[in-house]
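Written out below as structure tokens is the structure these notes cover.
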Amino acid sequence: MPAPPLRIRADDKEDLAVIAAAIQDAAFLMGDVVFDPKMRRLAVAMNRFRWEAAGKRGPFERVRSALAMEAVLGVKSRKVRLGARDAAGVLLDIAFDPGAEAPGGAIVMRLGGGGDIRLDVECIDVTLTDFGAPWPTPRRPDHERY
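Numbering (this note's numbering), first residue to last: 104 to 249.
Laid out in structure tokens, this is it:
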């Protein structure tokens with residue numbers, strides 16, 4: 104039986120670690136990163152590798168997913184050209200750095216190539232939602248080769 108689509112909500116560091124594991128190696132275009140300062144939301148549409156359905160030898164799948172972060176006060180990037188809409192990114196990790204006043208801090212999205220996107224947030228309020236049908240992919244991401 105195929106694994107069901109994911110819908111995960113995080114409101115603390117432990118929940119965010121679960122989302123981080125699910126979105127490791129997700130591919131996206133910078134044009135699919137949208138920050139709405141009025142709504143205080145940053146959303147990323149991505150092609151997520153389905154780790155929860157992957158065996159050692161396959162079959163392997165990706166699925167279209169949305170990562171939404173709420174209560175965002177500001178966005179900064181390092182070694183990432185957010186304005187380059189056709190530039191590709193690979194999400195390696197997402198983590199929370201606590202601020203001076205709880206529950207605020209920063210959510211840091213670490214990307215392949217050494218870049219990162221840092222979100223100053225009032226609190227952790229993150230949702231990962233799969234949408235659409237999964238499709239086959241020939242390879243499983245392999246970090247030990249690099």
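Don't be surprised by glycine CBs; every beta carbon is placed ideally from N, CA and C. Because the structure is a prediction, the values reported are computed rather than measured.
* Asked: What do you reckon, are the CB atoms on Ser-145 and Phe-138 nearer than 8 Å?
  -> According to the sequence provided, residue 145 is Leu. The question's Ser does not apply to it. Going by C-beta atoms, Leu-145 is nearer than 8 Å to Phe-138.
* Asked: So what does Gly-202 bridge to, in DSSP terms?
  -> BP columns for Gly-202 are empty, so no partner.
* Quick one, are the C-beta atoms of Val-175 and Val-224 less than 8 Å apart? -> It is a contact, given that the beta carbons lie within the stated cut-off.
* **Under 8 Å between C-beta atoms of Glu-164 and Pro-107** => Cβ atoms of Glu-164 and Pro-107: not closer than 8 Å.
* Asked: So what does DSSP say about Ala-169, is it helix, strand or coil?
  -> When secondary structure is reduced to three states using DSSP, Ala-169 falls in the strand class.
* Asked: In whole angstroms, what is the alpha-carbon distance linking Arg-143 and Asp-245?
  -> Arg-143 and Asp-245: Cα-Cα distance of roughly 35 Å.
* Tell me whether Leu-119 sits in a helix, a strand or coil according to DSSP, three-state version. => Helix.
* Compute the distance between the beta-carbons of Ile-126 and Leu-170, then report whether it is under 8 Å. => Yes; because the gap between Cβ atoms is below 8 Å, this pair is in contact.
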